[in-house]
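Asks: Just remember that my numbering sits 731 ahead of the position in the sequence shown, which is counted from 1. Virtual Cβ for every residue (Gly too), placed ideally from N, Cα, C. Just dropping this structure here.
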Amino acid sequence: MAKRQSAMKVNRAMRKRGVLLFLFLFVVPCVLAQSDSHSDVSSTTVAKQRPIFLDVLVTDSSGKPVSDLEPFDFSVLDENQPRKVIGFRRTDGAAGSKLDPPVEVILVLDAVNMPYQVATRFRLEMEKFLRENDGHLAQPVSIYMFTSEGLRVQPAPSRDGNALAAMLDQSTGTVRARDAAGGIYSLDEQFKTSYQTISGMAENLSHKPGRKVVIWTGSGWPLLNERFFIQTDVSRGTYFRQIAALQNKLRDARITLYSLFATAGLTNTLYQGYLKPVREVRKMEIGDMALQVLALHTGGRVLDPSNDVKGQIDACVADIGEYYTLAFMPPPAAKADEYHDLAVVVNKPGLKVRTVTGYYNELGAN
């Protein structure tokens, strides 16, 4: 009960009304023009096979991206078994190339899982980030607003920070915290809406080429105590299939997810009890689908609570530099949604590697 009460305190309530819509936004889902974002990595890929692609960030002891590694410097371990690297590419995240566009930064203003005051402060801090350097953005940036009316996204990413900030500034209206009197049923709806939103985002972005850095603001959705929300083996199996599908969608979309929480002194550490991967249906808990857990599993970061939201965004964007895309072929799956641990190892000492930590193998993928 204490765990559930803590989760309810940290993850307060979806509001009855969201911020009025931006004039420049439209409602998701929308079907993006389909393109194969991975077909150019390796000419050795056989048409009917389904290779796995990993975007890999390698940093030195000071946190600076390392840019001079070669294919033979990398090893891919799948369940501690080496896999042959069948594709390799080094990409400048800022300049991009004909093979891979610049990394797109997506700022998600989560107005569903934050109270009014915090959401307003996030918006103002986002404007500071956008107007920095006279509004000249190093990366193309998109703004997604998650409200009780759905997900609103701008039609196309832009490097014009002043224009994006002006659009944010022109948004008006009031944001009210959702009435907590709804109890566990309100939290259940809040969780389901959040899951559907991030899943729909990943599905749409999987049809868009290039790597994406998604910076999600707020404490995330409720973790939900399983005693109240997972009552049968059937529901446990449903949530297991959902987490397998979501993690694979995030990987296919080449999303690196970052979680920002803006209130210094108010911590949300409950997610740390759910960091182990879920290999079996019987061990599934809804907390395994927490925003922070998903972020770390994509190779992203969970930033410590801070009142300096603009500084947090800067820290996330600073991670973008030269990165590597590796491709390997997964082994045949013995069953549907078979979990595999992943590790990318660099044969030079003192370097840190961040990438996807695992995947759910698909039956019949090979």
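Does the distance from the CB of Ile-929 to the CB of Tyr-875 come in under 8 Å?
Replies: Taking 8 Å as the Cβ cut-off, Ile-929 and Tyr-875 do not qualify as a contacting pair.
Asks: Specify, as a first and last residue, the run of the beta strand (DSSP E) that Ala-1058 falls within.
Replies: Element bounds for Ala-1058: 1053 to 1059.
Asks: Which class does Ser-879 belong to by DSSP, given the choice of helix, strand or coil?
Replies: Coil at Ser-879, not helix or strand.
Asks: Ends of the beta strand (DSSP E) at Ala-1074?
Replies: That run of the beta strand (DSSP E) goes 1069 to 1077.
Asks: So the candidates are Tyr-926, Val-787, Asp-809 and Ala-896; which of them puts its Cα closest to the Cα of Pro-953?
Replies: Per the Cα distances, Tyr-926.
Asks: How long is the line joining the alpha carbons of Asn-811 and Val-1075, rounded to whole angstroms?
Replies: Cα to Cα, Asn-811 sits roughly 10 Å from Val-1075.
Asks: Span of the alpha helix (DSSP H) holding Tyr-1091?
Replies: Here Tyr-1091 belongs to no alpha helix (DSSP H); instead the beta strand (DSSP E) covers 1089 to 1092.
Asks: Quick check: what's the CA-CA separation for Pro-1062 versus Gln-962?
Replies: So the two alpha carbons sit approximately 34 Å from each other.
Asks: Alpha carbon to alpha carbon, how far is Val-965 from Gly-1052? Give it in angstroms, no decimals.
Replies: Cα-Cα distance, rounded: 44 Å.
Asks: Span of the alpha helix (DSSP H) holding Leu-899?
Replies: From DSSP, the alpha helix (DSSP H) with Leu-899 extends over 892 to 901.
Asks: Measure the alpha-carbon distance for Gly-881 versus Val-1087 and round it to whole angstroms.
Replies: Spanning the two alpha carbons is a distance of roughly 28 Å.
Asks: Which whole-angstrom value describes the C-beta separation of Ser-792 and Gly-1018, a residue pair presumed to lie in contact below a C-beta threshold of 8 Å?
Replies: With 8 Å as the limit, Ser-792 and Gly-1018 do not qualify as a contact, their Cβ atoms being about 33 Å apart.
Asks: Strictly by DSSP, which residues pair up with Leu-840?
Replies: Met-876.
Asks: If you reduce the DSSP assignment to three classes, tell me which class Ser-930 lands in.
Replies: Here Ser-930 sits in helix by DSSP.
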